[in-house]
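Note sheet for the following structure.
There are 2 protein chains.
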Amino acid sequence: MNFCSQCGQPVSLLVPEGDHLPRHVCTACGTVHYQNPKIVAGCVPEHEGRILLCRRAIEPRRGYWTIPAGFMENGETTQDAARRESIEEALADVEIGSLLAVVHVLHADQVHVMFRARLPKPEFGAGAESLEVMLYDEDSIPWRDIAFRSVEFALRRYLEDRRAGREQHHFTAIDLRPRSAG
Amino acid sequence: MNFCSQCGQPVSLLVPEGDHLPRHVCTACGTVHYQNPKIVAGCVPEHEGRILLCRRAIEPRRGYWTIPAGFMENGETTQDAARRESIEEALADVEIGSLLAVVHVLHADQVHVMFRARLPKPEFGAGAESLEVMLYDEDSIPWRDIAFRSVEFALRRYLEDRRAGREQHHFTAIDLRPRSAG
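Quick mapping for you: the protein sequence lines, in order, are chains A and B. The first sequence: position 60 = 60 (the numbering used here), numbered continuously. The second sequence: position 4 = 1004 (the numbering used here), numbered continuously.
Following this line, the structure appears as structure tokens:
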């Protein structure tokens, strides 16, 4: 961030009075521009025991497999967002179920919120951001080609819980930030 | 948003190619400025059966009672944020427990994520954003003076679950946006 989105003048990085972290503050109008984590909402759609995965047509991780997921928009719930992403990325109209995973992706300033989901009919296809979309048996999931650690986490918890006949939710954090020396 | 935070030139509100919603797009450098919901993290701290509440010293809802909660920062988990807010607002060092509530506050573009928490010692006080902080028995909670609907939702679910001896999580949405005619 270089300029104030309110008035267009340059911003400085400083700790505002009463605050404890550096913020981008406008040198002209004084507006404080906070930056906060973004929510990525997604789901693990299942149809008759098989899992719907999408092969990414866009960077990052083009060519790798993922679940339908994307940035939550203003004005929708996390469940709305997960369902919308399934339609956009996999042309799949899913029913969102229970909360599966919350993954704090600390190096990306993102919180990934994943749900279980049911795909009632085997109707799907590649949306604009997908190269292909497929239903996978548990035994054939391409673990070596999964796009993101958060997606692998969600898939593994999903399958473990399914085997155990339960629907739990799972928190974790992934932190690939470079460590400061000392 | 009036100006591009990258280059300082004016932005226009338009639907970018391949997108489906209007975004603020820079007329000079083409940067698309997405706006997404922010996470507010908080907790319901309990000490020997009583609930810790804070009376707000700041707007909105100055003078009304709330639980420790605030905007999640980059680089922390939702649990980190809930614990930090308890320290800042109530000078209370809590142990964050299970997920209690996820409230989509649609008119504010916020997702409130609330946890159960334990306050091991009855040590607390009014932080800079609180007028006073108190432990309340269930019967004396000031329901008419609770600051926000999401806080009332979390408190009621907390007490219901405690009575029933369970720890569930609860999703809901609150939408105070004006309805469009027709």
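Glycine included, each C-beta is placed from N, C-alpha and C at the ideal position. Fair warning: this is a prediction, and the values are worked out from it, not measured in the lab.
- Task: Would you kindly report the start and end of the unbroken alpha helix (DSSP H) that includes A:Val151?
- Result: Stepping through the first sequence from its first residue, residue 151 of chain A is reached at position 151. Arg149 to Ala164 is the span of the alpha helix (DSSP H), which, as asked, contains A:Val151.
- Query: For B:Ile1146, which three-state DSSP category applies?
  - Reply: Indexing the second sequence from 1 puts residue 1146 of chain B at position 146. In the structure shown, B:Ile1146 sits in a strand (DSSP, three-state: E or B).
- Task: Just tell me which of A:Phe148, A:Glu138 and A:His170 has its CA closest to the CA of A:Arg163.
- Result: In the first sequence, the residue the question calls residue 163 of chain A occupies position 163. The residue with the shortest Cα to Cα distance from A:Arg163 is A:Glu138.
- Message: Does A:Arg84 come out as helix, strand or coil in the three-state DSSP assignment?
- Response: Indexing the first sequence from 1 puts residue 84 of chain A at position 84. The answer is helix: DSSP assigns A:Arg84 an H, G or I state.
- Where does A:Val15 land, buried or exposed, given buried means 16+ other C-beta within 10 angstroms? In the first sequence, the residue the question calls residue 15 of chain A occupies position 15. Classification of A:Val15: exposed, given that the 10 Å Cβ count is below 16.
- Residues in its own chain within less than 8 angstroms of B:Leu1021 by CB, not counting five upstream and five downstream? Numbered from its first residue, the second sequence carries residue 1021 of chain B at position 21. Counting only Cβ-Cβ distances below 8 angstroms, and skipping sequence neighbours, we find Val1015.
- Message: Is B:Val1111 a contact residue of the ligand PLP, with contact defined as CB to any heavy atom under 7 angstroms?
- Response: Ligands displayed in this structure: none; no statement on the ligand PLP is therefore possible.
- Task: Report all residues from its chain with a CB closer than 8 angstroms to the CB of B:Phe1003; omit the five preceding and five following residues, and keep chain order.
- Result: Numbered from its first residue, the second sequence carries residue 1003 of chain B at position 3. Result list for B:Phe1003: Gln1009, Pro1010 and Val1011, in chain order.
- Query: If you draw a straight line from the C-alpha of A:Val25 to the C-alpha of A:Pro120, how long is it?
  - Reply: Residue numbering aside, residue 25 of chain A sits at position 25 when the first sequence is read from its first letter. Residue numbering aside, residue 120 of chain A sits at position 120 when the first sequence is read from its first letter. For A:Val25 and A:Pro120, the distance between alpha carbons rounds to 50 angstroms.
- Task: Provide the residue(s) that pair with B:Met1134 in DSSP beta bridges, ordered along the chain.
- Result: Mapped onto the second sequence, residue 1134 of chain B falls at position 134. B:Met1134 pairs with B:Leu1053.
- Item | Of the residues B:Gln1168, B:Ala1128, B:Val1044 and B:Pro1037, the one placed nearest B:Ile1058, counting alpha carbons only | Locating residue 1058 of chain B in the second sequence gives position 58, where the first residue counts as 1. It is B:Ala1128.
- Message: Please classify A:Tyr34 as buried or exposed, where buried requires at least 16 neighbouring CB atoms within 10 angstroms.
- Response: Translated into positions along the first sequence, residue 34 of chain A becomes position 34. Exposed: under 16 other Cβ atoms inside 10 Å.
- Message: By the DSSP assignment, the beta strand (DSSP E) with A:Gly8 in it spans what residues?
- Response: Residue numbering aside, residue 8 of chain A sits at position 8 when the first sequence is read from its first letter. Taken as a continuous stretch (DSSP letters only), A:Gly8 belongs to no beta strand (DSSP E), as it is neither H nor E.
- Message: Using a Cβ-Cβ distance cut-off of 8 angstroms, determine whether A:Pro37 contacts chain B.
- Response: The count along the first sequence starts at 1 and reaches residue 37 of chain A at position 37. By this cut-off, A:Pro37 is an interface position.
- From A:Arg179, A:Ala101, A:Asp161 and A:Ile96, residue whose alpha carbon lies closest to that of A:Val151: Locating residue 151 of chain A in the first sequence gives position 151, where the first residue counts as 1. Nearest C-alpha to A:Val151: A:Ala101.
- Query: Whose C-beta lies closer than 6 angstroms to the C-beta of B:Glu1089 among residues of the same chain, with five residues either side of it excluded?
  - Reply: As a first step, residue 1089 of chain B must be located in the second sequence, where it is residue number 89. Excluding positions up to five away in sequence, the list reads Cys1054, Pro1068, Gly1127, Glu1129 and Ser1130.
- According to DSSP, what are the bridge partners of A:His112? Here residue 112 of chain A refers to the residue found at position 112 when the first sequence is read from its first residue. A:Val40 and A:Val103, per the DSSP bridge assignment.
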